[in-house]
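Engineer:
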Amino acid sequence: MDQAETGSGDRLTGPETWVDQHGDCLFRYALVRLRDETIAEEIVQETFLAALKSYSAFDGKSSERTWLTGILKHKIIDYFRRRSRQVTFDSLDGLPAESSDLFQQSGEWVDHFDFDRGPIDWGANPARIFENNQFQESLQRCIMHLPDRLSAVFTLREMEELSSDDVCKVLSISTTNLWVMLHRARAQLRKCIEYNWFRKMPG
Numbered sequence: 023m024d025q026a027e028t029g030s031g032d033r034l035t036g037p038e039t040w041v042d043q044h045g046d047c048l049f050r051y052a053l054v055r056l057r058d059e060t061i062a063e064e065i066v067q068e069t070f071l072a073a074l075k076s077y078s079a080f081d082g083k084s085s086e087r088t089w090l091t092g093i094l095k096h097k098i099i100d101y102f103r104r105r106s107r108q109v110t111f112d113s114l115d116g117l118p119a120e121s122s123d124l125f126q127q128s129g130e131w132v133d134h135f136d137f138d139r140g141p142i143d144w145g146a147n148p149a150r151i152f153e154n155n156q157f158q159e160s161l162q163r164c165i166m167h168l169p170d171r172l173s174a175v176f177t178l179r180e181m182e183e184l185s186s187d188d189v190c191k192v193l194s195i196s197t198t199n200l201w202v203m204l205h206r207a208r209a210q211l212r213k214c215i216e217y218n219w220f221r222k223m224p225g
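Using the numbering used here, you'd call the opening residue of the sequence shown number 23 and step up by one each time.
Next up, the structure:
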């Protein structure tokens with residue numbers, strides 16, 4: 023595992039080296055979540071500015087990259103919060119429909135699927151698949167093709183690991199619609215991954 027990701031406290035390089043040392047990594051992190059190069063660049067710049075202002079408070083208990091990534095995560099959440107004031111996320115209009123029997127009365131997603139149409143068997147050790155760099159690239163491409171509302175919900179809940187309540191607050195959506203959109207995002211990603219990875223995987 024990369025030292026910067028272990029939180030083991032790598033040598034401090036200082037703000038003057040942040041762009042060279044961490045810029046590409048932070049940009050990739052932002053791009054897969056924001057899906058727009060210009061916006062990703064702007065959010066990374068906001069991250070560097072915020073880090074510079076608070077650098078004196080950095081205690082060095084984590085690596086610089088871990089610390090900067092934490093700031094970036096907050097900036098990404100702030101972006102979606104601002105975005106929710108401009109675009110209505112709490113609407114299912116125009117999204118691909120899914121069967122309502124996949125939901126409990128509470129609106130929570132029921133984890134099952136139609137055996138007539140999949141999914142493909144991921145093998146005995148799916149965790150090893152997620153460690154494959156080519157699989158990660160395929161997954162990221164699939165995320166990039168999600169509709170905006172589904173991508174926002176999936177990003178905040180699954181990638182940034184916000185609680186359901188926090189996602190609803192950030193995007194101003196109902197709990198029921200959150201679960202509906204999460205299911206639709208997962209279903210689309212599953213279909214995309216199975217087609218673009220499992221059906222085309224080497225060997």
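Even glycine gets a Cβ: it sits at the ideal position worked out from N, Cα and C.
With 16 other CB atoms within 10 Å as the buried threshold, where does Leu193 fall?
Structural biologist: Leu193 is buried by the Cβ-count criterion.
Engineer: At what residues does the alpha helix (DSSP H) containing Asn155 begin and finish?
Structural biologist: Where Asn155 is concerned, the enclosing alpha helix (DSSP H) stretches over Asn155 to Met166.
Engineer: So what does DSSP say about Pro37, is it helix, strand or coil?
Structural biologist: Residue state, collapsed to three classes: helix.
Engineer: Is it the case that the Cβ atoms of Leu53 and Thr69 are separated by a distance below 8 Å?
Structural biologist: No; because the gap between Cβ atoms is not below 8 Å, this pair is not in contact.
Engineer: Between which residues of its own chain and Ile215 is the CB-CB distance below 7 Å, once the five residues before and five after are set aside?
Structural biologist: The answer, listed in chain order, is Ser160, Leu161 and Cys164.
Engineer: Given this structure, state the Cα-to-Cα distance separating Arg208 from Val189, to the nearest angstrom.
Structural biologist: Using only the alpha carbons, I get a separation of about 16 Å.
Engineer: Taking all protein chains shown into account, do 16 or more other C-beta atoms lie within 10 angstroms of the C-beta of His96, making it buried, or fewer, making it exposed?
Structural biologist: Answer is exposed; the Cβ neighbour count stays below 16.
Engineer: My output table needs one value for Thr177: the three-state DSSP class, helix, strand or coil.
Structural biologist: Three-state result, Thr177: helix.
Engineer: Please determine, among Thr88, Lys191, Leu184 and Leu204, the residue with the shortest C-alpha to C-alpha distance to Arg105.
Structural biologist: Looking at the Cα atoms, Lys191 is the closest of the given residues.
Engineer: Classify Trp40: buried if its beta carbon has 16 or more other beta carbons within 10 angstroms, exposed otherwise.
Structural biologist: Classification for Trp40: buried.
Engineer: Do Ala62 and Leu90 count as a contact pair if the criterion is CB distance below 8 Å?
Structural biologist: No. Outside cutoff.
Engineer: Quick test of your reading: Ser186 and Leu200, contact by CB under 8 Å. State the CB separation rounded to the nearest angstrom.
Structural biologist: That pair is a contact at about 6 Å.
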